[in-house]
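Chains as they are written, first to last, in this note's numbering: chain A, 83 to 478; chain B, 10 to 276.
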């Protein structure tokens, strides 16, 4: 669905927001529609994506990993090589540039592990904007280094002590700030979630990933990939990967965090185990209890630790265009170590979920087939987490 | 005629405006809620809004957020809440409005939830994250059963105000300030303008209640003086409940309610 009316993907999406935000969301939609096809805006964004962020990113044939698995050819879309170390910068540059065009001087954002917060701080520094970032108190402790990084980049970090003190509460608090300062503030949301037009806008800014995959595969293999795989938390790198390929014959797989297992209660596999509901301005699948209260999530990768998911993913699940699967913490660690050792590439734990699924798919498929995995971020940030895991769970 | 509508027409004949009081159900426990309700009735509140807690109350400020968290921790559940409503109904006919978030209703199914709630004695609903665009199923489920109270904001544009009025019954909830609930601030000029503006739109077809940040008798007086048909006070009551020993809650709430209610008598 290119631009569904009122942001409705079937039943999903929409705009479930306090009335005070309605004019702000409408203003955002008007400006987004105006600038997304504006030649000058596109040129400026392309300039920053290329010269500042480092696009296009390579599509790397993982020869060693492919040989080790002995099945289909595995290609890695190297978003981990972008400035900041993750795909997040594609979206923050786009939205920060839009905010600038809208004459909004004050930017607010939420962040979970800190990747989107850092990418926001970078884009704002580059474009001369002031950023304030809401981050769950628990996450500010777990990801202290990212708090320092944001501070150094000139952003102000607000620890959020309400609710479960994690990403979902950081989003609540950012929305509360936006309600209070609606007239001068731009909310730079980090994933393909939230009220219309965010899910569509973030998808569009991230779709550069899928477009590049298409043209690079054309050059390498002279066809579309047989399969693409990406990890899904809120789902921005995934929807950016999938969207340009939805109308092709490519098999599409999204991978959620199964944590300690889908039956354990400790996971963040919203599409695999969730139920339809309304949170953060959208109707989508949610992890919730029988009374409709949102439940806490678990994942070894902080970036997938979210009880909701972008509404377009809910739609693509229900119409069966995309197959959503999950990987457990243990499978993810195995994939992380395997890629690190065979290719010398340390993936983010989020991206390692996609690698775990790619290994299974490649093993089953013909050698002539191709599997493209979006490597959404680099794993330097996760080395300590992996070490802790390995010490607790003797592996090797 | 709905209890809410009846209440407003009664007040009209007495030349009074309405005092609407909000408290969070189950905060800090059910007994305190019942004591507070009794105090509100004694003090002269005209309508009571009962909050049902949600894990992610994104329109609420710190006071109601904290009350939600504690209420949930103490085990507030939907069936228990409806039992509480029935208990209140056993001794009072005061209009009761349920304020919560969309997901609580959606999760049970709008029809089922609304049927259960109205059977228990709920007269209307306020869902701060329900927008008119996405409200069709909710409105269909509510039709003829309960009042649907929508919110308007000082920055809501003209055509939208009309749309909101058309979907609203009971009373229209005007958000006084840009912000969340319970944030104390001086009275803003834009709020006074908004009250007059919204009154021009409603033309007396539906009462207009002003809420968010309304906390003291002088606020009530000012908003009534520029044309509000009702004022809504919430966080201020929760603050009293928070710091008052259980056996004093009824009395303390009653006397504060009285001081607010006094300001709604027009003459």
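All C-beta atoms in this analysis are idealised placements derived from N, C-alpha and C, irrespective of residue type, glycine included.
Counting only the Cα atoms, residue 272/B lies some 27 Å from residue 68/B. When C-beta atoms of the stretch 327-347 of chain A are compared with those of the stretch 70-87 of chain B, fewer than three pairs fall below 8 Å, so the two segments do not count as touching. With 16 or more other Cβ atoms inside 10 Å of its own Cβ, residue 173/B counts as buried. When secondary structure is reduced to three states using DSSP, residue 387/A falls in the coil class, being assigned neither helix nor strand. No Cβ-Cβ contact shorter than 8 Å links residue 396/A with residue 361/A.
When 125/A, 85/A, 152/A and 224/A are compared, the shortest CA-CA separation from residue 443/A is found for 152/A. The C-beta distance from residue 203/A to residue 235/A rounds to 4 Å, short enough to fall under 8 Å. Assignment of residue 141/A by DSSP, reduced to helix, strand and coil, places it in the strand class. With respect to chain B, the C-beta atom of residue 383/A has no partner C-beta closer than 8 Å. Around residue 188/B, the beta-carbon contacts reaching into chain A at under 7 Å are 261 and 262. Interface residue (Cβ-Cβ distance to chain B less than 8 Å): residue 336/A is not classified as such.
Boundaries of the alpha helix (DSSP H) harbouring residue 321/A: 318-324, taken from the DSSP string. Here the alpha carbons of residue 181/B and residue 162/B stand approximately 11 Å from one another. Within the stretch 212-230 of chain B, no residue has a Cβ lying closer than 8 Å to any Cβ of chain A. Counting C-beta atoms within 10 angstroms of its own C-beta, residue 193/A has 16 or more neighbours from the protein chains shown and is therefore classed as buried. Taking each of 226/A, 300/A, 466/A and 118/A in turn and checking the Cα distance to residue 415/A, the smallest one comes out for 466/A.
In the three-state reduction of the DSSP assignment, residue 211/A falls in the coil class.
For residue 120/B, there is no enclosing beta strand (DSSP E); the enclosing alpha helix (DSSP H) covers residues 119-129. For the pair residue 219/B and residue 185/B, the CB atoms are nearer than the 8 Å cut-off.
Around the beta carbon of residue 433/A, 16 or more other beta carbons sit within 10 angstroms, so the residue counts as buried.
Residue 337/A has its alpha-carbon roughly 25 Å from the corresponding atom of residue 116/B. Between the beta-carbon of residue 339/A and that of residue 435/A there is about 6 Å, and that keeps the pair under the 8 Å contact cut.
Between the alpha carbons of residue 110/A and residue 283/A lies a gap of roughly 10 Å. For residue 10/B, the three-state secondary structure derived from DSSP is coil. Below the 7 Å Cβ cutoff, chain B contributes 67 and 189 as neighbours of residue 258/A, in chain order. In the structure shown, the three-state DSSP call for residue 239/B is strand.
Around the beta carbon of residue 140/A, fewer than 16 other beta carbons lie within 10 angstroms, which makes this residue exposed. Relative to residue 269/B, the option among 249/B, 188/B, 191/B and 28/B whose CA is nearest is 28/B. If you ignore the 5 residues before and after residue 70/B, its C-beta comes within less than 8 Å of the C-beta of 188, 189, 190, 191, 192 and 244, all in its own chain and listed in chain order. Burial check for residue 227/A: the Cβ neighbour count within 10 Å stays below 16, so the residue is exposed. Counting along the chain, residue 280/A sits inside the alpha helix (DSSP H) bounded by residues 280-288. Excluding its 5 nearest sequence neighbours in each direction, residue 255/A has C-beta neighbours in its own chain below 6 Å: 216 and 242, listed in chain order. Rounded to the nearest whole angstrom, the C-alpha separation of residue 100/B and residue 177/B is 28 Å. Within 9 Å of the CB of residue 106/B, no CB atom of chain A is found; the nearest one sits about 17 Å away. When DSSP states are grouped into helix, strand and coil, residue 109/B belongs to the coil group. Residue 347/A and residue 370/A have their C-alpha atoms some 11 Å from each other.
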